[in-house]
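Reviewing the structure listed below.
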């Protein structure tokens, strides 16, 4: 297989550039296991062509949007720089996404602030025996550390680590879901939900940087 064909395949990288090449419109978002595999192989950069737009309302478009958001979240967790562009509609979500690698294109003030304040490790989770701790410093003025130490909260948050229908989370525990949504730890759009904090896959040096 020649080098050019490797670059053109979704989720593949060239030996020369070690760049993951994707397209928002043509390709499927990469799952976490594939991103982690590429991280282990030393692939250190990603480029996503096209423009990520806020879904206009259909459930299928919302699911795909959330899946791309999951990909960006997990690439950030692996400390993979990502070159991507956001539509202006993303401005309304920007304050929830300051911990995710920001778009490179200029945009409304909320997106410009995202580009300015982003730093690695401002919203992440760690697991302990029968509990999960979430550090949330997306807004330094409202920094929190959440301890999810009841089975319902752990189960709902864990289930939302990948995009999932909100109705399935309601079946697990609707009250826990509502509180996690109200705390902006789970984002729901048009019936699809995703936990926004990422599990830290790459600790900065020094670790006190976060």
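Residue numbers (our numbering): 64 to 273.
Positions of the beta carbon are idealized from the N, C-alpha and C atoms, including for glycine.
Please read these numbers as outputs of a predicted model, since none were measured by experiment.
query: Contact set for residue 122: own chain, Cβ-Cβ below 8 Å, skip 5 residues either direction; result: 253, 254 and 255
query: Buried/exposed call for residue 259, threshold 16 Cβ in 10 Å; result: buried
query: Neighbourhood of residue 165 by C-beta, 7 Å cutoff - its chain only, sequence neighbours within 5 removed; result: 177, 178 and 181
query: Continuous beta strand (DSSP E) stretch holding residue 255: start and end; result: 255-258
query: Residue 84, enclosing beta strand (DSSP E) - first and last residue; result: 82-86
query: Residue range of the alpha helix (DSSP H) that includes residue 240; result: 229-245
query: Candidates 184, 243 and 110: closest to residue 140 by CA position; result: 184
query: Residue range of the unbroken beta strand (DSSP E) whose run includes residue 194; result: 194-199
query: Residue 249, DSSP secondary structure in three states; result: strand
query: Residues that DSSP places opposite residue 145 in a beta bridge; result: 109
query: Integer-rounded CB distance, given that residue 157 should sit under 8 Å from residue 173; result: 4 Å
query: Residue range of the unbroken beta strand (DSSP E) whose run includes residue 211; result: 207-211
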